[in-house]
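For my numbering, add 186 to where a residue sits in the sequence shown, where the first one is 1. Some notes on the structure that comes next.
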Amino acid sequence: MAAAAAPRAAASAALARPRAAPARLPMTPGRPAVLVRRPALAAAQRRGAGAPARRSSGVVARAADPAAAQAGQMSAELMESMTAKITEALEAQRVSVSDVYGDGRHVNIDVVAAAFEGKNSVQRQRMVYKAIWLELQDAVHAVDSMSTKTPDEAAAA
């Protein structure tokens, strides 16, 4: 019995040693904080082997190839589809959906519609998001900016 107590005592002594407290990171609800000691290594691991190198601006450097050209074509079709859906759902007078980085993943949206009368900005944005919900689930990563105006507000600007 004494032989079994010796490993336990050693283990508890190891746990009792004072350790340096890790740096505190802000917590995001639903996502635990992770302390990364080597950001460059962690970024390289996320990109994986053979992934394109990143420029200091954060934009991925890509070589010109046929796949990139086809991605650009898909991006244009996606922008047209989103424009048509917003126009139809809101009976908008003017809709502009532009691709921010040329990859179809980040977009800017400008909408002028009478349907926005009497609505606050959050309600207006929800109306636009509802019209393009499927695209936001698959193809589009983020809406970088959205402008929603009534025809009177657009005329005054």
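Ideal Cβ placement from N, Cα and C applies to all residues, glycine included.
Could you check what DSSP says for residue i in three-state terms: helix, strand or coil?
i, result
"lysine 335", "strand"
"alanine 325", "coil"
"glutamate 277", "coil"
"glutamate 263", "helix"
"isoleucine 318", "coil"
"alanine 343", "coil"
"lysine 305", "coil"
When you compare the CB of residue i with every CB in chain B, is at least one pair closer than 8 Å?
i, result
"alanine 275", "The structure shown contains no chain B; it is built from a single protein chain."
Mind checking who residue i pairs with in its DSSP beta bridge?
i, result
"isoleucine 295", "Val283 and Met332"
Quick one: is residue i buried, meaning 16 or more other Cβ sit within 10 Å of its Cβ, or exposed?
i, result
"valine 308", "exposed"
"alanine 290", "Reading off the sequence, residue 290 comes out as glycine, not alanine. With 16 or more other Cβ atoms within 10 Å, it is buried."
"lysine 316", "exposed"
"leucine 276", "buried"
"alanine 278", "buried"
"arginine 312", "exposed"
"arginine 280", "exposed"
"alanine 299", "buried"
"leucine 264", "buried"
Using only alpha-carbon positions, find the residue among the options that is nearest to residue i.
i, options, result
"alanine 301", "Thr273, Ala342 and Glu266", "Thr273"
"threonine 336", "Glu303, His292 and Ile318", "Glu303"
"aspartate 338", "Tyr287, Ala328 and Val297", "Val297"
"serine 267", "Leu322, Arg310 and Tyr287", "Leu322"
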